[in-house]
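Here's the structure we're looking at; comments come further down.
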Amino acid sequence: MELLRFATAGSVDDGKSTLIGRLLYDSKQVFEDQLEAVERSSMARGDEYVNLALLTDGLRAEREQGITIDVAYRYFATPKRKFIIADTPGHTQHTRNMVTGCSTSDLVVLLVDARNGPTEQTRRHATVASLLGIRHLVLCVNKMDLVDYDRARFESIRREFDNFTTRLEVHDVTCIPISALVGDNIVDRSLEMKWYDGPALLHHLEEVHISSDRNLIDLRFPVQWVIRPMSAGGLHDFRGYAGQIASGVLEVGDEIAVMPSGFTSTVEAIETADGPVEEAFPPQSVVVRLADDLDISRGDMICRVHNRPFVSQDLSAMVCWMSERPLAAGAKVVLKHTTRWSRALVREVRYRLDVNTLHRDQESRELALNDIGRVELRTQSPLFYDEYRVNRATGSFILVDETSNATVGAGMLLRHAH
Amino acid sequence: MSMTYQLSHLAALESEAVHIVREVVAEFERPALLFSGGKDSAVLLHVAAKACWPQRIPFPLVHVDTGHNFPEVIDFRDEQVARRGTRLIVGSVQEDIDRGAIVEQPVPGATRNRLQTFTLLRVLEEGRFDAVFGGGRRDEEKARAKERVFSLRDEFGQWNPRAQRPELWNLFNTKRQLGEHFRVFPLSNWTELDVWQYIESEEIPLPAIYFAHRRQVFRRGGMLLAVGPFTQPRDGHPDEEPFEATVRYRTVGDMTCTAAVESPASSPREVIAETAVTRVSERGATRADDRFSEASMEDRKREGYF
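Each protein sequence line maps, in turn, to chains A and B. For the first sequence, this note's numbering assigns the number 67 to the initial residue and increments by one for each residue that follows. For the second sequence, this note's numbering assigns the number 3 to the initial residue and increments by one for each residue that follows.
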């Protein structure tokens, strides 16, 4: 069974929590005791129906304010796939949560209210999804029951959204008319919308083709941990490099190069606790042994001799800023990229991206909380990286504040630094 | 399947968990693994051993003994420690009560669930552990759904859900101040069903009480409790009449607050078949400690509970 990770986003009132509650409920993932707890809470609040949104609003502050304040993860499975949902809140000030949710997702489900159509927020979320390298976008036009299941209304929303997404890098865009409250087109095709000939949402999530989204071309193996079990009997010569295949396919016998030294060797064995394998691919965690005794440590990267990553201390990246204190030139931060930490200096904030209009605001010299913009960095030691749009695993980094240790930024590397 | 380079969902979850364990071993000085003897910690230990292979697990196991444990679970714990060749540190809640560090509620059979937080934090402090693995899963409970994989605890061992660091891609921020530590949850993205499927496919041994056995039980508050040294039917409660039934446990915790379910399932495969159609959540069915209030897990986590 395959795993699909998706993020959900929408405004507070678009019914996102209700949609997730509906997916869990209709796929029979909600247990009776959980449903009873929700029924009690719904009654206490004076809701007219069982409020499925209460299934997902986990923390007390959220239940009290009736909003979702953080990314929450939900799980459900059908006979075809196991799903992990990153449920992200919809408020403007929480763009960082959207970025967080998208960073581990294959697909994004956006919600709009059929009465309002796409809002500024819808466009922002679509833009963020595109920047984060999401290949599949699903627009759920919710509350169709409140517009009498009107086809013309749905078609006009779809046209408006398509016009916007053609400017993004997401090429697989699907629009589905739904009612999360009543359950139209969630698990089963709606009887109220015979004019709609596409799939119900769950069917689409089960069938969407994601396996070709991974980069299986460029072999990248960041060394996570060097295993040398000195003490154990018979293993004193063992030297293995543990890590997760970031991209590409590694095979026994491959000629490889190690960054940063540039030394070359041959893959002698690919080992796991379950025994050796002939080849490994993302996201497998393995132990690699080489024919030659090289000086390799955590943070180094194994790649192919004729297919190497960029190596540079000067980086250009799109950065989503996640701290109250704005980011500006001169800032010093710590950066984590693959299995490597490095200090970094912010040389320039080149522009701030207006995520509603895609306009590049060249006048901005700062990124405030939840801003996304292009930043030039210089790191203390070189990174071995690829462009984010061709390799999410080796094109991404996080920024950490040197004094508070807070995670303050998420970065997506661009091809060239200037 | 390797022609298409597809991993099954279990292989993908295992690979993610192995990556998390290795990240801790590589970036922390004093890790430890909280081992309760329950099925989630059995899976966690199995994954940790795979992550460290061919080395032995280079960190100790920590067990908080409430004094109310199922004997089968203690036996299982000791077998596992011997088999893995690793060190075991036991924090005894009874000893902390005896020396007056904590005070037990003066009720017969009172649960020691809240008291164990004190003992846990004491053991972690004495061991100066900077990263402690736990078997917690996000599908267990609503407050856990927002828990990070690397969850920072302040110098009082407390969780602040409002100040959690965002977690992006698989890039974990392991930076900490002196005195702070991390709780690390490699099984965050697993569900109860995933855990059972993994137990079956990897043939992971479990304490016998996870499978059907005959036992004297009684009903209290809609739950089946074992008749034992810590839980007995109360006088004047005719509804608590004991009877023998075929039961198994879905979670194993303190005997005073862990209930059994009636079930004939005697193997992982049969448990999976039941789990796939069950209509009551794992904690809802069997854990009195989560029933106190809608926010009880959130409150206990803030105080330092796992």
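Don't be surprised by glycine CBs; every beta carbon is placed ideally from N, CA and C.
Kindly indicate which three-state DSSP category Asn163/A falls into: helix, strand or coil?
Your numbering for residue 163/A matches position 97 in the first sequence. If DSSP states are grouped into helix, strand and coil, Asn163/A belongs with the helices.
Contact criterion: CB-CB distance below 8 angstroms. Does Asn471/A meet it with respect to chain B?
If you number the first sequence from 1, residue 471/A lands on position 405. Under the 8 angstroms criterion on CB atoms, Asn471/A is classed as interfacial with respect to chain B.
Pick out whichever of Val248/A, Leu212/A, Val377/A has its Cα sitting closest to the Cα of Leu480/A.
Position 414 of the first sequence, counted from the start, is the residue given in the question as residue 480/A. Of Val248/A, Leu212/A, Val377/A, the residue nearest in Cα terms is Val377/A.
For Thr193/A, which option in Tyr141/A, Arg458/A, His237/A has the closest C-alpha, if you only look at C-alpha atoms?
Here residue 193/A refers to the residue found at position 127 when the first sequence is read from its first residue. Here the closest residue by C-alpha is His237/A.
Quick check: what's the CA-CA separation for Ile86/A versus His239/B?
Here residue 86/A refers to the residue found at position 20 when the first sequence is read from its first residue. Here residue 239/B refers to the residue found at position 237 when the second sequence is read from its first residue. A direct Cα-Cα distance of roughly 42 angstroms separates Ile86/A from His239/B.
How about Pro168/B and Thr166/A: do their beta carbons lie closer than 8 angstroms?
Against the second sequence, residue 168/B aligns to sequence position 166. Against the first sequence, residue 166/A aligns to sequence position 100. A contact, by the Cβ cut-off of 8 angstroms.
According to DSSP, is Lys260/A helix, strand or coil?
For this step, residue 260/A is matched to residue 194 along the first sequence. For Lys260/A, the three-state secondary structure derived from DSSP is coil.
When you check each C-beta in the region 132-153 of chain B against every C-beta of chain A, which residues fall closer than 7 angstroms?
Arg140, Asp141, Lys144, Ala145, Ala147, Lys148
Run through chain A and tell me which residues come within less than 7 angstroms of Glu169/B, C-beta to C-beta.
Against the second sequence, residue 169/B aligns to sequence position 167. Here the neighbours are Thr166.
Using the DSSP secondary-structure output, state which residues sit across from Phe347/A in a beta bridge.
Within the first sequence, numbered from 1, the residue matching residue 347/A stands at position 281. Paired residue(s): none; Phe347/A is not in a bridge.
Just reading off the beta strand (DSSP E) that Gln379/A is part of, what are its end residues?
Locating residue 379/A in the first sequence gives position 313, where the first residue counts as 1. Taken as a continuous stretch (DSSP letters only), the beta strand (DSSP E) holding Gln379/A covers 376-387.
Give me the DSSP bridge partner(s) of Asn208/A.
Your numbering for residue 208/A matches position 142 in the first sequence. According to DSSP, Asn208/A bridges with Asp179/A.
Along the chain, where does the beta strand (DSSP E) containing His183/B start, and where does it finish?
On the second sequence, position 181 is the one that residue 183/B refers to. For His183/B, the enclosing beta strand (DSSP E) starts and ends at 183-186.
Beta-carbon of Val456/A versus every beta-carbon of chain B: anything under 8 angstroms?
The residue you call residue 456/A lines up with position 390 of the first sequence. Answer no: the Cβ-Cβ gap between Val456/A and chain B never drops below 8 angstroms.
So, are the CB atoms of Phe213/B and Ala133/B less than 8 angstroms apart?
Position 211 of the second sequence, counted from the start, is the residue given in the question as residue 213/B. Position 131 of the second sequence, counted from the start, is the residue given in the question as residue 133/B. No, Cβ-Cβ distance for Phe213/B and Ala133/B is not below 8 angstroms.
Once you ignore the five residues that flank Ile362/A on each side, which residues in its own chain have a CB closer than 7 angstroms to its CB?
Counting from 1 along the first sequence, the entry for residue 362/A is found at position 296. Same-chain partners within the cutoff: Val289, Val292, Tyr307, Val324.
Does the beta carbon of Val186/B sit closer than 8 angstroms to a beta carbon anywhere in chain A?
As a first step, residue 186/B must be located in the second sequence, where it is residue number 184. The beta carbon of Val186/B does not come within 8 angstroms of any beta carbon belonging to chain A, so the residue lies off that interface.
Please list, in chain order, all residues of the same chain as Arg124/B whose beta carbon is under 8 angstroms from its beta carbon, the five residues on each side excluded.
Counting from one through the second sequence, the residue named residue 124/B turns up at place 122. Within the same chain, Gly93, Asp98, Ala103 come within 8 angstroms of Arg124/B by CB-CB distance, once the 5 residues on both sides are set aside.
Hey, could you find the ends of the beta strand (DSSP E) Glu242/B is sitting in?
Working through the second sequence from its first residue, we reach residue 242/B at position 240. It is not in any beta strand (DSSP E) - Glu242/B carries neither H nor E in the DSSP assignment.
Is there a Cβ of chain B sitting closer than 8 angstroms to that of Met325/A, yes or no?
Translated into positions along the first sequence, residue 325/A becomes position 259. Closer than 8 angstroms: no.
Can you list the residues of chain B that Glu442/A reaches, using a CB-CB cut of under 9 angstroms?
For the purposes of this step, residue 442/A is taken as residue 376 along the first sequence, with counting starting at 1. None at all; the shortest Cβ gap to chain B is about 21 angstroms.
Given a limit of 8 angstroms on CB to CB distance, which residues of the region 177-208 of chain B reach chain A?
Answer in chain order: Lys177, Arg178, Gln179, Ser190, Asn191, Thr193, Leu195, Asp196.
At a cut of 8 angstroms, does the region 466-478 of chain A reach the region 5-24 of chain B through at least three beta carbon pairs?
No contact exists between the region 466-478 of chain A and the region 5-24 of chain B.
Measuring only the C-alpha atoms, how far is Asp79/A from Lys209/A?
Numbered from 1 along the first sequence, position 13 holds the residue referred to as residue 79/A. Numbered from 1 along the first sequence, position 143 holds the residue referred to as residue 209/A. Cα to Cα, the separation comes out at about 11 angstroms.
Here's a check: name, in chain order, each residue in its chain whose Cβ is nearer than 7 angstroms to the Cβ of His21/B, leaving out the five neighbours to either side.
Position 19 of the second sequence holds residue 21/B. Around His21/B: Asn172.
Please confirm whether Leu311/B has its beta-carbon closer than 8 angstroms to some beta-carbon of chain A.
The structure shown does not extend to residue 311/B, since chain B is modelled only from 3 to 308, so the question has no answer here.
Looking at Arg211/A: is its Cβ nearer than 8 angstroms to the Cβ of Leu247/A?
Mapped onto the first sequence, residue 211/A falls at position 145. Mapped onto the first sequence, residue 247/A falls at position 181. The identity of residue 211/A in the sequence shown is Asp, whereas the question assumes Arg. Yes, the Cβ-Cβ distance between Asp211/A and Leu247/A is below 8 angstroms.
Asp340/A: which of Lys148/B, Leu117/B, Phe30/B, Ala53/B sits nearest, CA to CA?
For the purposes of this step, residue 340/A is taken as residue 274 along the first sequence, with counting starting at 1. Asp340/A has its Cα closest to that of Ala53/B, out of Lys148/B, Leu117/B, Phe30/B, Ala53/B.
Please determine, among Ala228/B, Thr233/B, Arg236/B, Val273/B, the residue with the shortest C-alpha to C-alpha distance to Ala262/B.
By one-based count along the second sequence, residue 262/B stands at place 260. Ala262/B has its Cα closest to that of Ala228/B, out of Ala228/B, Thr233/B, Arg236/B, Val273/B.
Apart from the five residues on each side of it in sequence, which residues of its chain come closer than 7 angstroms, Cβ to Cβ, to Ala210/B?
Residue mapping note: residue 210/B aligns to position 208 of the second sequence, counting from 1. Around Ala210/B: Glu74.
Considering Cα atoms alone, identify which of Ser351/A, Thr469/A, Asp358/A is closest to Phe329/A.
By one-based count along the first sequence, residue 329/A stands at place 263. It is Asp358/A whose Cα lies nearest to the Cα of Phe329/A.
CA-CA distance, Asp156/B and Glu182/B?
Numbered from its first residue, the second sequence carries residue 156/B at position 154. Numbered from its first residue, the second sequence carries residue 182/B at position 180. The alpha-carbon atoms of Asp156/B and Glu182/B are separated by roughly 5 angstroms.
Looking at the strands, I want to know which residues DSSP matches up with Ile91/B.
The sequence position of residue 91/B within the second sequence is 89, counting from 1. DSSP, once it has assigned bridges, lists Val64/B as partnering Ile91/B.
Kindly say whether Phe450/A, judged by its beta-carbon, lies nearer than 8 angstroms to any beta-carbon of chain B.
One-based indexing of the first sequence puts residue 450/A at position 384. False, the Cβ-Cβ gap to chain B never drops below 8 angstroms.
Should Val151/B be labelled buried (16 or more other beta-carbon atoms within 10 Å of its own) or exposed?
As a working note, residue 151/B is residue 149 in the second sequence. Under this definition Val151/B is a buried residue.
I want to know whether the region 197-209 of chain B touches the region 19-33 of chain B - three or more CB-CB distances under 8 angstroms.
They do not touch, by the three-pair rule.
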